[in-house]
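Notes follow the structure.
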Amino acid sequence: MADNVGKFEQFVKFGTDAYGLERLLRLLQALVTILLFTPLTTITTVTSTLSLPTSLLPLLTPQTLTPLRKRLASLRQPLRFFRFLDSFAGAWSALSALQSATTATTATHDDEKKLNPATGSASGSGSGGSSNWARRAAGWADFGGRAFTGMYLLLESAVFVEAVLDVPGLRVWGSEEVVRGLVVDGQRFWFAGLVCGIVGAVVRLVSWAEGEKGGRGKVVRRLVADVMDLAVPGSVVGWVPLEPRTVGWLMVGSTVLTGMEVWERCGRDVAVAKMAVGDRR
517 MADNVGKFEQ
527 FVKFGTDAYG
537 LERLLRLLQA
547 LVTILLFTPL
557 TTITTVTSTL
567 SLPTSLLPLL
577 TPQTLTPLRK
587 RLASLRQPLR
597 FFRFLDSFAG
607 AWSALSALQS
617 ATTATTATHD
627 DEKKLNPATG
637 SASGSGSGGS
647 SNWARRAAGW
657 ADFGGRAFTG
667 MYLLLESAVF
677 VEAVLDVPGL
687 RVWGSEEVVR
697 GLVVDGQRFW
707 FAGLVCGIVG
717 AVVRLVSWAE
727 GEKGGRGKVV
737 RRLVADVMDL
747 AVPGSVVGWV
757 PLEPRTVGWL
767 MVGSTVLTGM
777 EVWERCGRDV
787 AVAKMAVGDR
797 R
């Protein structure tokens, strides 16, 4: 469906979509991070090799790039202000699905025992039991990932006044130490959410049925993006000792991969809108 969508229309949809705009700003932030921690001699060499204007060099100094990176991060936060509600809603849906699946499995086992008491107790074994276990494990990982991510986004929104508005005399929390503590705790929750997402993706891929191809590529893409993203909160809390420039490159990779999901969704939305207009005609 999205093949018939013009790239310009798709880009317009992507650029005006909250998720798409946030991904664009994140990509710029990652590129600025790379430039910030690249030695100036290297930047000068690249500039001369590519015959770029030398007037760009004063713009690539820490005095310019440091506040620019902070401004880009601040621009992204309003786009995620209430996104913790979406994460918590997803966690609740995942938990409800797990409870429904457990109830259905228990009822099925009880019926099998009534029909055949000799074999009913072994109904959970074999490939069916393994498949059920994989679904439950992936479901719990999905719940954990959404819940932990929701906590991260909630703590991020909690320091919005200090981190984004930054108005003298206007504060929600008592001191900078409290704000920094909330930010670091939020990064820990984000790290935990990414780990849950990785575990869930690995379980799904390991238990993938032969001949079942739909969606596997998207699971792999999300898995790779989550692994790359571990470097961002991990470097903040000290669990992933990487250089900032390396973190910036990993951030670029994860942003492109997750941005592809939004790009494809925007293409589908434009295609559906075109079909609706065509039907009305």
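Residues in the sequence shown are numbered consecutively from 517, following our numbering.
Glycine included, every Cβ here is placed at the ideal spot set by N, Cα and C.
The structure displayed is predicted, hence computed values, not measured ones.
Contacts around residue i, its chain only, beta-carbon distance under 6 Å, and the 5 residues preceding and following it disregarded
{"i": "residue 769", "result": "744"}
{"i": "residue 705", "result": "664, 667 and 668"}
{"i": "residue 588", "result": "541, 544 and 545"}
{"i": "residue 604", "result": "666"}
{"i": "residue 593", "result": "680"}
Exposure label - residue i; buried when at least 16 CB within 10 Å
{"i": "residue 641", "result": "Confidence is the limiting factor: at residue 641 the pLDDT is only 48, short of 50, which leaves the residue's position unreliable and the question unanswerable from this model."}
{"i": "residue 582", "result": "exposed"}
{"i": "residue 556", "result": "exposed"}
{"i": "residue 682", "result": "exposed"}
{"i": "residue 638", "result": "Its pLDDT being 46, under 50, residue 638 is placed unreliably by the model, and the measurement read from it follows with that caveat. The residue in question, residue 638, is exposed, as its Cβ has fewer than 16 Cβ neighbours within 10 Å."}
{"i": "residue 607", "result": "buried"}
{"i": "residue 566", "result": "exposed"}
{"i": "residue 615", "result": "exposed"}
{"i": "residue 579", "result": "exposed"}
{"i": "residue 779", "result": "buried"}
{"i": "residue 571", "result": "exposed"}
{"i": "residue 671", "result": "buried"}
{"i": "residue 531", "result": "exposed"}
{"i": "residue 564", "result": "exposed"}
{"i": "residue 789", "result": "exposed"}
{"i": "residue 647", "result": "exposed"}
{"i": "residue 575", "result": "exposed"}
{"i": "residue 792", "result": "exposed"}
{"i": "residue 539", "result": "buried"}
{"i": "residue 720", "result": "buried"}
{"i": "residue 710", "result": "buried"}
{"i": "residue 738", "result": "buried"}
{"i": "residue 599", "result": "buried"}
{"i": "residue 707", "result": "buried"}
{"i": "residue 673", "result": "buried"}
{"i": "residue 722", "result": "exposed"}
Residue span of the alpha helix (DSSP H) that contains residue i, given as start and end
{"i": "residue 691", "result": "Here residue 691 belongs to no alpha helix (DSSP H), and DSSP marks it neither H nor E."}
{"i": "residue 578", "result": "578-592"}
{"i": "residue 686", "result": "Neither: residue 686 is in no alpha helix (DSSP H) and is coded neither H nor E."}
{"i": "residue 749", "result": "747-753"}
{"i": "residue 531", "result": "523-532"}
{"i": "residue 565", "result": "556-565"}
Neighbourhood of residue i by C-beta, 7 Å cutoff - its chain only, sequence neighbours within 5 removed
{"i": "residue 534", "result": "595"}
{"i": "residue 677", "result": "686, 687 and 688"}
{"i": "residue 700", "result": "752 and 753"}
{"i": "residue 548", "result": "581, 584, 585 and 588"}
{"i": "residue 524", "result": "none"}
{"i": "residue 658", "result": "610 and 716"}
{"i": "residue 785", "result": "529"}
{"i": "residue 773", "result": "737, 740 and 741"}
Cutoff 9 Å: residue i Cβ touching any chain B Cβ
{"i": "residue 651", "result": "Checking the listed chains, one finds no chain B in this structure; it contains a single protein chain."}
Same chain, Cβ closer than 8 Å to residue i, neighbours up to 5 away in sequence not counted
{"i": "residue 766", "result": "744, 745, 747, 748 and 758"}
{"i": "residue 554", "result": "761"}
{"i": "residue 694", "result": "none"}
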